[in-house]
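Protein chains in written order, with numbering that gives the first Met the number 0: chain A, 0 to 516; chain B, 0 to 158.
All C-beta atoms, glycine included, are put in the ideal place defined by N, C-alpha and C.
Have a look at the structure below before the remarks.
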Amino acid sequence: MSARATVTVFVPGDAGAVSLGADAVAGALARECQRRELPLRIVRNGSRGLYWLEPLVEVVTDAGRVAYGPVRAAEVPALLDAGLLEGGQHALRLGDIEGHDWLRGQQRLTTARLGIVDPADIDDYIAQGGYVGLSTALTMPPGEIVRVVTDSGLRGRGGAAFPTGIKWKTVHDQVAPQKYIACNADEGDSGTFADRMLMEGDPFALIEGMTIAGLAVGATQGYIYLRVEYPHAARALALALRAARERGYLGRDVRDSGRAFDISVRLGAGAYICGEETSMLESLEGRRGEVRVRPPLPAIKGLFGQPTVVNNVVTLATVPVILARGAPLYRDFGVGKSRGTIPLQLAGNVKRGGLVERAFGLTVNQLVYDYGGGSATGRPVRAVQIGGPLGAYLPESRFDTVLEYEALAASDGLLGHGGVVVFDDSVDMARMARYALEFCAIESCGKCTPCRVGSTRGVELVDRILAGSNGAHAGDIALLDELCDTMANGSLCGLGGLTPYPVRSALRNFGEDFRRR
Amino acid sequence: MTRERSSIERCVDAAVTRMRHEPGPLLEILHSVQNDLGYVPPESVPLIADALNLSRAEVHGVVSFYHHFRERPAGQHTLQLCRAEACQAMNGDALAAYARKRLQLDFGETRDDGRVTLEAVYCLGNCACAPSAMIDGQLRGRVDPQTIEEYAADWGVPA
Chain A
0 MSARATVTVF VPGDAGAVSL GADAVAGALA RECQRRELPL RIVRNGSRGL
50 YWLEPLVEVV TDAGRVAYGP VRAAEVPALL DAGLLEGGQH ALRLGDIEGH
100 DWLRGQQRLT TARLGIVDPA DIDDYIAQGG YVGLSTALTM PPGEIVRVVT
150 DSGLRGRGGA AFPTGIKWKT VHDQVAPQKY IACNADEGDS GTFADRMLME
200 GDPFALIEGM TIAGLAVGAT QGYIYLRVEY PHAARALALA LRAARERGYL
250 GRDVRDSGRA FDISVRLGAG AYICGEETSM LESLEGRRGE VRVRPPLPAI
300 KGLFGQPTVV NNVVTLATVP VILARGAPLY RDFGVGKSRG TIPLQLAGNV
350 KRGGLVERAF GLTVNQLVYD YGGGSATGRP VRAVQIGGPL GAYLPESRFD
400 TVLEYEALAA SDGLLGHGGV VVFDDSVDMA RMARYALEFC AIESCGKCTP
450 CRVGSTRGVE LVDRILAGSN GAHAGDIALL DELCDTMANG SLCGLGGLTP
500 YPVRSALRNF GEDFRRR
Chain B
0 MTRERSSIER CVDAAVTRMR HEPGPLLEIL HSVQNDLGYV PPESVPLIAD
50 ALNLSRAEVH GVVSFYHHFR ERPAGQHTLQ LCRAEACQAM NGDALAAYAR
100 KRLQLDFGET RDDGRVTLEA VYCLGNCACA PSAMIDGQLR GRVDPQTIEE
150 YAADWGVPA
C-alpha cells in the first residue's frame, strides 16, 4: 500500500529558502506527518534557483518529483489534506519543476545537481555523476589534467576571467616544497549568490574540483576562504568535508592513489576587499586584508610564500564536469572567447529572481524580461548593474548587450561574477554613484592613496554636484571624471581601480540625475 | 556585558591551544574569542599577541581591520541590515530609515538599555529575496517595516 510507504520530500536548506521560511515548513511537515502517522523522509536539498517560488517543496512520487511553491508553514496541513504526499492537486502545485519555463532552456553543467542532490549525502553525489571527474583525473599525469582544463576554455568565474588552465600551468611548473589551492568563497558582490548556492546545495562538487586542482598542480593542501556572512554554507561544507575524509576522497591517500590532499575552511570577517586574491591570501595568513603588490603573482609566490592556485567557487566546481565529460563538450558551449556556460544571478527589483546557467550568449533583455519578467514593483525597468558594486550601470536602451566578457568590456563594464541587479525607474543614479564611492571608502584596505583618499573625495564631489549651483556643476563633473581617471589608473587593485565603472556609467548614461534638484 | 579577566584568559587559552600549530591562526583565534564572549575584549589583545609572538599593534590592527570583529559587547539582540545595491533596489533605503527610527539607533550603535545593536552589512548573498537582514544570526528575506516592527515589539523596544 503506497500511502504507508515512506515518502521522500525535499525542502530546501538553502539560505535563501530558509530566509523565506523553509525551516518552518520542514518543521511543520515533520510534525503534521507524525500526527497523521504518515512515514516521511525530509531531505534538505539546495535551491534550484527559482527564488520567487521558495520555499519550493518537492515530493517524490511514482510519477517523479512533484513541486509545490511557494509554501508557507501554515499551509502545510491543507497541502497534506490535498494529498501532497501523492502529488495531489492544490493551488500551489507546480508539477515537474524541470518542465518549468525557467529551467527548460537552461544548460546546467556547473549547477546540474543543484536542488536535485542531497548535499549531505556523498553516495547521492556519486550516484548522480559525482567523482567521475576525479576518477578520470587520477588516471592522468598532472600535466594532462592541466591541458584538459586549458582546452576547455574555462576562465575564472570570480570576475577576472583569467584562463584557469594557464594559471594552473604556472603553479604546476613551479618547484616548491609546498603548493596550495586557495578557493575564494568570499562572494561579496551584491547581486551574486552562485557560490553560496553551490556550497550549500552541492558542496562535493567544489571539494572534487579542488581535489582535481591539487592533483593537477601538485598541491596537497587546500583552503576555502569563506565569508562569515555564509553560516549555512559553512555547515554544509563541514558536513561534506567530513564525509569526503571518511570515504577516502580526501586525506593522505586520496582513493588509494598514493596522493595526498585535504581541505580546511577558513572564515573571513566581513571585509569586501578580501575577495581580491592577494588580500584574501593576507587574510588567510591571519593578517589585515591589505592588497599585495603584484608581481610576484600568487601562482609563483602565493599563500605562505608558496605557489598557489587561487580560484573562485564556481570555477573550481566546474572542473569536475570538464574532466568527466571532456574539454570539447564544455568548450563547444558559448560565444567568442567566452567558452562554456555561466551561472548568471538575477536579483534586486525583479519579479522572478534566481539562477540562470546557460551558454554565454544571453542578452540583458532576455535575462531581465524573459527570465525575470520585469520589475517586482511593476514599474518600468530603468537600469541594471552588472558584475557587482564595481560593475557598470546599463540603461534600458543598451539591454541588447550580450552577457559575455568581451562584449561587456567593450561597453566599459564587466561581467564580474555574473550578478545582474535590476532597478526600476524610482532609482536615483546620482545616489547610486555616490554609494559606489562610499562603499569603496568603507571597504578600502587603505594601502594605496587613489582608493583610500579618492573614494572619500569622490563622495564629497557628488554631494557638491547635487547641492551646487549650475555654474559650478560642469567643473565638478569634469573633476569627478578626472578623479575617476586617477583611481582607475593609480589603484593597486580592482576596488579602487574599478569603482569608476559604476560612477562613470551613471554619469554617462543617467546624467540628468546629477543636475541640481 | 563586559567580561571578567579570568574568563577572557580561559577563552584565549583554549583558542590558542587549539589553533597554535595551524599556519596563520590569528583570525581563527579572534573568531573563537568572539564566538565565546560575543566580542573581542581589548584585554584579550595582549594575551593573544604574547601567545603568537606578535606585537599588540599587529593584533589590534587585525581586530580593527575587519568589520565583523567587535571591540565592545553587542546588545541582547542584533539586527544586521543589508545596505548593498540589490537590497537598495528593493526600497532598502526606506527600510533602513524605518529601522533607525524605530530602534532609535544609527548603524553601528547599541541602545542604552542594551536591548538591540543595529549594524549595516554589505551583502548576505540573498539578493533574489531582497531586502535581507540577519536577525540574531537568522537570515530573513523580503524584510519590510512590519518585520522590523514585530521584532522591535518582541524585544521590548518602546515605540
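{"Item": "Extent of the continuous alpha helix (DSSP H) to which A/GLU289 belongs", "Value": "Unbroken run through A/GLU289: none, as it is neither H nor E."}
{"Item": "Backbone CA spacing between A/LEU214 and A/ARG246 [nearest angstrom]", "Value": "18 Å"}
{"Item": "Neighbour list for A/SER337 in chain B, Cβ cutoff strictly below 9 Å", "Value": "Neighbours of A/SER337 on chain B: none; closest Cβ ~23 Å, over 9 Å."}
{"Item": "Closer than 9 Å to chain A by CB, B/PRO22", "Value": "yes"}
{"Item": "Chain-ordered neighbours of A/TYR271 on chain B, where CB pairs are closer than 7 Å", "Value": "TYR121"}
{"Item": "Local Cβ density within 10 Å of B/ASN34, reported as buried at 16 or more and exposed below that", "Value": "exposed"}
{"Item": "Sequence-distant residues of the same chain with beta carbon closer than 6 Å to A/GLY335, five excluded per side", "Value": "GLU405"}
{"Item": "Contact residues within the segment 420 to 438 of chain A, judged by C-beta distance below 9 Å to chain B", "Value": "VAL420, VAL421, PHE422, ASP423, SER425, VAL426, ARG430, MET431, TYR434, ALA435 and PHE438"}
{"Item": "Alpha carbon of A/GLN127 to alpha carbon of A/VAL56, nearest angstrom", "Value": "20 Å"}
{"Item": "8 Å CB neighbourhood of B/MET18 in its chain, flanking five on each side removed", "Value": "PRO24, GLU27, ILE28 and SER31"}
{"Item": "Ranges of the alpha helix (DSSP H) found wholly within the segment 169 to 257 of chain A, counting only runs of at least 4", "Value": "193 to 200, 202 to 216 and 230 to 245"}
{"Item": "C-alpha distance - B/ARG55 paired with B/LEU36, whole-angstrom precision", "Value": "20 Å"}
{"Item": "Own chain residues within Cβ distance below 8 Å of A/ALA72, not counting five before or after", "Value": "GLY20, ALA23, VAL24, GLY26 and ALA27"}
{"Item": "CB contact check: B/GLY60 to chain A, cutoff 9 Å", "Value": "yes"}
{"Item": "is_contact[B/TYR150, chain A] using C-beta, thresh 9 Å", "Value": "no"}
{"Item": "A/ASP185 versus B/GLY113 - alpha carbon distance", "Value": "31 Å"}
{"Item": "Short CB-CB distance (under 9 Å) between A/ASN348 and chain B", "Value": "yes"}
{"Item": "Per-residue DSSP class, three states only, for A/GLU57", "Value": "strand"}
{"Item": "Beta carbon proximity, B/GLY37 to chain A, threshold 9 Å", "Value": "no"}
{"Item": "Own chain partners of A/LEU436 with C-beta closer than 7 Å, once the 5 adjacent residues on each side are dropped", "Value": "SER454, GLY457, VAL458, VAL461, THR498 and VAL502"}
{"Item": "Limits of the unbroken beta strand (DSSP E) element including A/THR7", "Value": "6 to 9"}
{"Item": "Where A/THR277 falls, given that 16 or more other Cβ within 10 Å makes a residue buried", "Value": "buried"}
{"Item": "Residues of the segment 224 to 235 of chain A with Cβ closer than 9 Å to any Cβ of chain B, in chain order", "Value": "ARG226, VAL227, GLU228, TYR229, PRO230, HIS231 and ALA232"}
{"Item": "Where A/THR149 sits in the DSSP three-state scheme", "Value": "helix"}
{"Item": "Min CB distance B/ASN52 to chain A below 9 Å", "Value": "no"}
{"Item": "Under the three-state DSSP convention, the category B/SER63 falls into", "Value": "helix"}
{"Item": "Beta-carbon proximity check, A/PHE359 vs A/PHE398, cutoff 9 Å", "Value": "no"}
{"Item": "Element boundaries [beta strand (DSSP E), containing B/GLN145]", "Value": "Per DSSP, B/GLN145 belongs to no beta strand (DSSP E); it is in the alpha helix (DSSP H), 144 to 153."}
{"Item": "Own chain partners of A/THR7 with C-beta closer than 7 Å, once the 5 adjacent residues on each side are dropped", "Value": "ARG40, VAL42 and VAL59"}
{"Item": "Presumed contact (8 Å Cβ cut-off) between B/ASN125 and A/PHE260, rounded CB distance", "Value": "Actually they are not in contact, since the Cβ atoms of B/ASN125 and A/PHE260 sit about 32 Å apart, beyond 8 Å."}
{"Item": "Of the residues A/LEU494, A/GLY510 and A/GLY467, the one placed nearest A/LEU480, counting alpha carbons only", "Value": "First, the amino acid is wrong: residue 480 of chain A is Asp here, not Leu. Taking only the C-alpha atoms, the option nearest A/ASP480 is A/GLY510."}
{"Item": "Those runs of the alpha helix (DSSP H) which lie wholly inside the segment 390 to 473 of chain A and span at least 4 residues", "Value": "404 to 409, 428 to 442 and 448 to 466"}
{"Item": "Status (buried if at least 16 other CB within 10 Å, exposed otherwise) for B/THR116", "Value": "buried"}
{"Item": "Span of the alpha helix (DSSP H), counted from its first residue to its last, around B/HIS30", "Value": "25 to 36"}
{"Item": "Chain-ordered neighbours of B/ARG139 on chain A, where CB pairs are closer than 8 Å", "Value": "SER18"}
{"Item": "For B/ARG4 and B/GLU193, the rounded distance between their alpha carbons", "Value": "Nothing in the structure corresponds to residue 193 of chain B, since chain B is present only between 0 and 158."}
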